[in-house]
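Novice: 1 is the number of the first residue of the sequence shown in UniProt numbering; add one for each residue after it. The structure under discussion is supplied below as structure tokens; questions concerning it will follow.
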Amino acid sequence: MMIQKGPLTLYRNLVSQGKLTYDSYQENVASELDDLLRRLQQYEMEMEDYHAQLYIWENSREKERRRLLVEEAEDKQRDGVWIDEKRGFLDKLVTRRRRGNIEPGVGKWVSYLNREKKLDKLVGQRPVSPVAPKGLYLYGNVGSGKTMLMDMFYGATEGVIKHRRRFHFHEAMLEIHDHMHDVWKRRDDDKSVQSSAFSWISSLPFDAKIKEWLIGEEKYKQETQQKHILLAVADKFLVDRQANKTGASILCFDEIQTIDVFAVVALSGILSRLLNTGTVLVATSNKAPEDLNQDGMQRDIFLELLSKLDENCNKILVGTEKDYRRLIPTEGSTQVHYFWPVTSDTYSMYEAMWHDITNQIGGDTISVTIPVMFGRSIEIPQSCNGVARFDFEYLCGRPVGAADYIAIARNYHTIFISEIPAMSMKIRDKARRFITLIDELYNHHCRLVCLAASSIDDLFQGTEEGPLFDLESFQFETEAEGTKLRRDVLAEGNVGLRPSTSGLVAILSGQEEMFAFRRAISRLIEMQTPLYLERVQHAHPSFQLQAAPAVARNNRTCVSQCAPSV
């Protein structure tokens, strides 16, 4: 039964229904994903048993560790080992001779290691995780079907794989930043004697000096275990915060890229850790793994990542040269969702669609504020029960970015954007923001309605002010823009050096930027097709949360009257 719901059957069904054009590369990938899904079902059960054993082992080890610490503290208090700094030299010397073999060695490091060795004997070694099936690394041109096939696979894991996550590159980087800030904040909180991490010590029957020693040992353990910030982040990266789950068996990662030093260091450290601890990776990229870092940033670290990907993933080229998004059939689409150029007629049609959809959804159009990551928020000028409306300048002409777009995409299944201009070097920063916006709306399966100055194919062609693409200008501005946050993280987290000259140029290199333009155009085209619009009501997060019959009736009405969407 699982096989019938797998990616291969889904792909063949779409081809037989005329919704997709057959491609041998895509069918091969679907077959590989089908096989992986079959193996993951058994692996998921093995991982459930492993996590249960690991939970018991970790609790037993912590219980024994505290018992050993208390025994050491009792010895110190009973034998008068604790030395008061105000006491004389002779008293100190006599006390030291009385210590015997209570704490051999030269400091906390030796004490910590001796305690860990005792725990290995008392509790045993950490349970061994089951052998993970090899994941897949899919790479190829724009529109070759990589993301579509990965999403078919991810959808097929629902109900089969309990622990699973899907990230796009922007979302993953923001999560990494967020977790880093959490780790640093927790470190600061744990430095306080009043920290909840030390609450178990307060009720123990020891002198104040002995308790201070116990707190010192606890702090040293925490500092040792959290010394490498990326490992600490990786251990939290796939945790479902709401469900308080301990990780994921499968990670789907869309558009892996290494745009700067931070991306190289962060992805290398975190993906290596996840692969080492049993996570199965299914990734997409426009480049083969060995071509991800052509500028040679942090080469040694990058080579370690390559080795891990080689060991844990099968590389598959989705080798078609065609952009299949352009070949998706459009028959059956009853309405246009991309209006151009801006005339009184197109403006009227755009306005009519807004009123039709909001009337079918029901409710008042209001201004609301929604939360964004890092404690920020963004105002939504016009919002109506999952539908939002903006102009281009509001979304792309201000200092907003991926975090804001992700918040909007998660909260609204239908987005209206007006006054979209043709983009040239004169507004290159706005163009980049627009590309990021399209990526996030596409990744969250939002329906997009546009009022634009030009056709989709001409959006990024430039104007009389000059072409959009100018490599020298891009190289110059990377010296000053877009690197502060990453430099701060690298410096504060001590995870690497500042970007090299070649690394700075690579942040927005010509090849990467042109690929991003092509991807945005390709995705905009797909977002107008019935196949994409049909998926909105099934795939967007808001529809999975809505259970009210009235909402369901409104959705069905809109599907039948204004193209498959809401």
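By construction, the Cβ of each residue, glycine as well, lies at the ideal position given by its N, Cα and C atoms.
Starting from the Cα of Val368, find the closest Cα among Glu379, Lys5 and Glu534 and give me that residue.
Specialist: Translated into positions along the sequence shown, residue 368 becomes position 368. Of Glu379, Lys5 and Glu534, the residue nearest in Cα terms is Glu379.
Novice: Leu119 and Arg61 look like a contact to me (Cβ under 8 Å); what is the Cβ gap, rounded to whole Å?
Specialist: Taking the first residue of the sequence shown as 1, we reach residue 119 at position 119. Taking the first residue of the sequence shown as 1, we reach residue 61 at position 61. Indeed they touch by this definition, with Cβ atoms about 6 Å apart.
Novice: Taking the alpha-carbon of Glu311 as reference, which of Met180, Thr157 and Leu271 has the nearest alpha-carbon?
Specialist: Residue 311 sits at position 311 when you count from the first residue of the sequence shown. Among Met180, Thr157 and Leu271, the Cα nearest to that of Glu311 is on Leu271.
Novice: Give the range of the beta strand (DSSP E) segment to which Val280 is assigned.
Specialist: Residue numbering aside, residue 280 sits at position 280 when the sequence shown is read from its first letter. From DSSP, the beta strand (DSSP E) with Val280 extends over Val280 to Ser285.
Novice: Inspect the beta-carbon positions of Leu448 and Met373 and report whether they are closer than 8 Å.
Specialist: Locating residue 448 in the sequence shown gives position 448, where the first residue counts as 1. Locating residue 373 in the sequence shown gives position 373, where the first residue counts as 1. Cβ atoms of Leu448 and Met373: not closer than 8 Å.
Novice: Between Thr279, Gln537 and Ala30, which lies nearest to Leu138 when the distance is taken from Cα to Cα?
Specialist: Within the sequence shown, residue 138 is the residue found at index 138, counting from 1. Selected option, being the one with the closest Cα: Ala30.
Novice: For Asn314, which of helix, strand or coil comes out of DSSP?
Specialist: Taking the first residue of the sequence shown as 1, we reach residue 314 at position 314. Strand at Asn314.
Novice: Using 10 angstroms around the beta-carbon of Asp235, count the other beta-carbons present and answer buried if the total reaches 16, otherwise exposed.
Specialist: Here residue 235 corresponds to residue number 235 of the sequence shown, with the count starting at 1. Answer is buried; the Cβ neighbour count reaches 16.
Novice: From the DSSP output, read off the bridge partner residues of His168.
Specialist: Sequence index remark: in the sequence shown, residue 168 carries index 168 (1-based). Answer by DSSP bridge pairing, in chain order: Asp254.
Novice: Take every Cβ of the region 274-281, pair it with every Cβ of the region 40-53, and state whether three or more of those distances are shorter than 8 Å.
Specialist: Yes: the two stretches touch, three or more of their Cβ pairs being nearer than 8 Å.
Novice: Please classify Leu93: is it buried, with 16 or more other beta-carbons within 10 angstroms of its beta-carbon, or exposed?
Specialist: As a position in the sequence shown, residue 93 is number 93, starting the count at 1. For Leu93, the predicted model reports a pLDDT of 43, less than 50, meaning its position is unreliable; a value from the coordinates is still stated below. Looking at its Cβ environment, which holds fewer than 16 other Cβ atoms inside 10 Å, Leu93 is exposed.
Novice: Taking all protein chains shown into account, decide if Phe460 is buried (16 or more other Cβ within 10 angstroms of its Cβ) or exposed.
Specialist: Within the sequence shown, numbered from 1, the residue matching residue 460 stands at position 460. That one is buried.
Novice: Considering Cα atoms alone, identify which of His538, Leu274 and Arg433 is closest to Phe392.
Specialist: Locating residue 392 in the sequence shown gives position 392, counting from the first residue. Among His538, Leu274 and Arg433, the Cα nearest to that of Phe392 is on Arg433.
Novice: Helix, strand or coil for Tyr22? Go by DSSP, reduced to three states.
Specialist: Taking the sequence shown and counting its residues from 1, one reaches residue 22 at position 22. Three-state result, Tyr22: coil.
Novice: Helix, strand or coil: how does DSSP classify Thr358 here?
Specialist: Taking the first residue of the sequence shown as 1, we reach residue 358 at position 358. Correct three-state label for Thr358: helix.
Novice: Which residue marks the beginning of the beta strand (DSSP E) containing Pro399, and which one marks its end?
Specialist: The residue you call residue 399 lines up with position 399 of the sequence shown. No beta strand (DSSP E) holds Pro399; DSSP gives it neither H nor E.
Novice: Excluding the five sequence neighbours on either side, which residues of its own chain have a C-beta within less than 6 Å of the C-beta of Ser202, listed in chain order?
Specialist: Start at 1 with the first residue of the sequence shown, and residue 202 comes out as number 202. The answer is none, since no qualifying residue turns up.
Novice: Going by CA-CA distance only, name the one from His337, Gly375 and Cys396 that's closest to Ile456.
Specialist: If you number the sequence shown from 1, residue 456 lands on position 456. Taking only the C-alpha atoms, the option nearest Ile456 is His337.
Novice: With H, G and I counted as helix, E and B as strand and the rest as coil, what does DSSP make of residue 589?
Specialist: What is shown of the chain runs 1 to 566, which leaves residue 589 out entirely.
Novice: Taking 8 Å as the threshold (beta carbon to beta carbon), is Val387 in contact with chain C?
Specialist: This model lacks chain C altogether; it includes just one protein chain.
Novice: For Thr414 and Phe262, what's the separation of their Cα atoms in angstroms?
Specialist: As a working note, residue 414 is residue 414 in the sequence shown. As a working note, residue 262 is residue 262 in the sequence shown. Their Cα atoms are separated by approximately 33 Å.
Novice: Under 8 Å between the Cβ atoms of Phe167 and Phe253?
Specialist: Sequence index remark: in the sequence shown, residue 167 carries index 167 (1-based). Sequence index remark: in the sequence shown, residue 253 carries index 253 (1-based). Yes, they are a contact pair.
Novice: Rounded to the nearest angstrom, what separates Leu490 and Asp260 at their Cα positions?
Specialist: Working through the sequence shown from its first residue, we reach residue 490 at position 490. Working through the sequence shown from its first residue, we reach residue 260 at position 260. A caution first: Leu490 carries a pLDDT of 44, below 50, which makes its placement in the model unreliable, though a value can still be read off. Straight-line Cα distance between these residues: approximately 11 Å.
Novice: Judging by CA-CA distance, which residue of Lys108, Asp75 and Leu136 is the nearest neighbour of Thr284?
Specialist: On the sequence shown, residue 284 is found 284 positions in, with the first residue counted as 1. With distances taken between Cα atoms, Thr284 lies closest to Leu136.
Novice: May I have the straight-line CA-CA distance separating Gln77 from Tyr405, to the nearest angstrom?
Specialist: Indexing the sequence shown from 1 puts residue 77 at position 77. Indexing the sequence shown from 1 puts residue 405 at position 405. Rounded to the nearest angstrom, the two C-alpha atoms are 59 Å apart.
Novice: Could you tell me the distance, in whole angstroms, from the CA atom of residue 616 to the CA atom of Cys384?
Specialist: Because residue 616 is not part of the residues shown, which for the chain are 1 to 566, the question remains open.
Novice: Nearest to Arg273 by alpha carbon, out of Leu36, Val233 and Val128?
Specialist: As a working mapping, residue 273 is identified with position 273 in the sequence shown. Of the candidates Leu36, Val233 and Val128, the one whose C-alpha sits nearest the C-alpha of Arg273 is Val233.
Novice: Thinking Pro530 and Thr330 are a contact (beta carbons under 8 Å), I'd like their distance in whole angstroms, please.
Specialist: As a working note, residue 530 is residue 530 in the sequence shown. As a working note, residue 330 is residue 330 in the sequence shown. At roughly 7 Å, the Cβ-Cβ gap stays under 8 Å, so Pro530 and Thr330 are in contact.
Novice: Sorted by chain position, which residues of the same chain lie with C-beta nearer than 8 Å to Val160's C-beta, five sequence neighbours on each side aside?
Specialist: Position 160 of the sequence shown holds residue 160. Result list for Val160: Met2, Leu37, Leu40, Gln41 and Glu44, in chain order.
Novice: Near Trp354, which residues of its chain fall below 7 Å by C-beta distance, leaving aside the five closest residues on each side in sequence?
Specialist: Stepping through the sequence shown from its first residue, residue 354 is reached at position 354. Once the five neighbours on either side are set aside, the close Cβ partners of Trp354 are Arg389 and Phe416.
Novice: Shortest alpha-carbon distance to Phe515 belongs to which of Cys396, Asp300 and Asp323?
Specialist: Within the sequence shown, the letter at position 515 stands for residue 515. Of the candidates Cys396, Asp300 and Asp323, the one whose C-alpha sits nearest the C-alpha of Phe515 is Asp323.
Novice: Which same chain residues end up closer than 7 Å to Lys134 when comparing Cβ atoms and leaving out the 5 residues on each side of it in sequence?
Specialist: Indexing the sequence shown from 1 puts residue 134 at position 134. So the list reads Asn312, Cys313 and Asn314, once near-sequence residues are dropped.
Novice: Where do the N-terminal and C-terminal ends of the alpha helix (DSSP H) with Gly155 fall, by residue?
Specialist: As a position in the sequence shown, residue 155 is number 155, starting the count at 1. Looking at the DSSP string, the run of the alpha helix (DSSP H) that includes Gly155 is Lys146 to Ala156.
Novice: Can you tell me whether Ser542 is buried or exposed, with buried defined as 16 or more other CB within 10 angstroms of its CB?
Specialist: Your numbering for residue 542 matches position 542 in the sequence shown. Its Cβ being crowded by 16 or more others within 10 Å, Ser542 is buried.
Novice: What separation, rounded to the nearest whole angstrom, lies between the Cα atoms of Arg325 and Gly401?
Specialist: If you number the sequence shown from 1, residue 325 lands on position 325. If you number the sequence shown from 1, residue 401 lands on position 401. Whole-angstrom Cα-Cα distance: 26 Å.
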